[in-house]
Every structure is written in C-alpha cells, then in structure tokens.
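J.: Residue numbers (the numbering used here): 756 to 880. Beta carbons are placed, not taken as given, at the ideal position from N, Cα and C, and that holds for glycine.
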C-alpha cells in the first residue's frame, strides 16, 4: 500500500510541477493546488498508515493502554488543507482581477503590458 501511495505522490507532484511551468495563470494555480495535495499525501504517508485506534485516553487512565494512531500528521494535513484553500481562493480572485484589467491569461502577455519606462525602486535609503 505504501508503494502505491508513493507512486500517487510522485504523480501529483509531477503533474503539479508540469502545470506550474505553464504560461496560463489558471494552469499555474491548478498546478500549485495539485502540488500541495501531493505534499499533503506525502505527509500523511510519512505518518505511517496504520489501522490503530484513535488517540483517545480512556477515563481514569493517564495514557492509552494499547497502540494508538499518531495524530500529528493528521493535524498538520488539516491545517495545510485550510491554508491551501484560503490561498487558492485568494489567488483565483487575483488572477480573475488581472484577467479583467489586462485581458490576458498568458504571463508573457501580462509582462508586455508593463510600461518600459516605469520608475525604478530606490537602490538604497
């Protein structure tokens, strides 16, 4: 089972990297999302896939009496999913706004839209 998940993680990360190298903003955004899902699956797989019981301590004991599942990878993945969704939503709105103002989804076309004689930032303060 770990071998199958390792292949799936590799496919997710490879697909995400391929989409990130695209010129389209939407493909780049989807690539970032697929890449993040691959990393989440990697963390989940690294946390050892077991069919242990939930990490709940019975009443009257200081610690569980048998083997339990590790809750740390699950908490990390849950946090990463929430942060990833917030980032996806923000970047989707940002890409839509850039498309509205520049009429372009291609990053090369967006670069051409910048004025050439724009002021440069100060070199020092």
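Buried or exposed: which applies to residue 783, given that a residue is buried once 16 or more other Cβ atoms fall within 10 Å of its Cβ?
T.: The residue you call residue 783 lines up with position 28 of the chain shown. Under this definition residue 783 is a buried residue.
J.: Please report the residue range of the alpha helix (DSSP H) in which residue 793 lies.
T.: Counted from its first residue, the chain shown places residue 793 at position 38. 780 to 801 is the extent of the alpha helix (DSSP H) around residue 793.
J.: Taking 8 Å as the threshold, find out whether the segment 799 to 807 comes into contact with the segment 822 to 837 through three or more Cβ pairs.
T.: yes
J.: Kindly identify the DSSP beta-bridge partner or partners of residue 861.
T.: Locating residue 861 in the chain shown gives position 106, where the first residue counts as 1. Partner(s): 779.
J.: Throw me the rounded Cβ distance for the residue 860 and residue 781 pair, which I believe falls under 8 Å.
T.: For the purposes of this step, residue 860 is identified with residue 105 of the chain shown, where counting begins at 1. For the purposes of this step, residue 781 is identified with residue 26 of the chain shown, where counting begins at 1. Going by Cβ atoms, the distance from residue 860 to residue 781 rounds to 6 Å, so yes, they are a contact pair.
J.: Does the beta-carbon distance from residue 771 to residue 790 come in below 7 Å?
T.: Indexing the chain shown from 1 puts residue 771 at position 16. Indexing the chain shown from 1 puts residue 790 at position 35. Yes, the Cβ-Cβ distance between residue 771 and residue 790 is below 7 Å.
J.: Quick one: grab the DSSP three-state call for residue 823.
T.: Residue 823 sits at position 68 when you count from the first residue of the chain shown. The answer is strand: DSSP assigns residue 823 an E or B state.
J.: Does the beta-carbon of residue 816 have 16 or more other beta-carbons within 10 angstroms, so that it is buried, or is it exposed?
T.: Counted from its first residue, the chain shown places residue 816 at position 61. Classification of residue 816: exposed, given that the 10 Å Cβ count is below 16.
J.: Taking C-alpha atoms, which residue in 856, 873, 872 lies nearest to residue 865?
T.: Here residue 865 refers to the residue found at position 110 when the chain shown is read from its first residue. Looking at the Cα atoms, 856 is the closest of the given residues.
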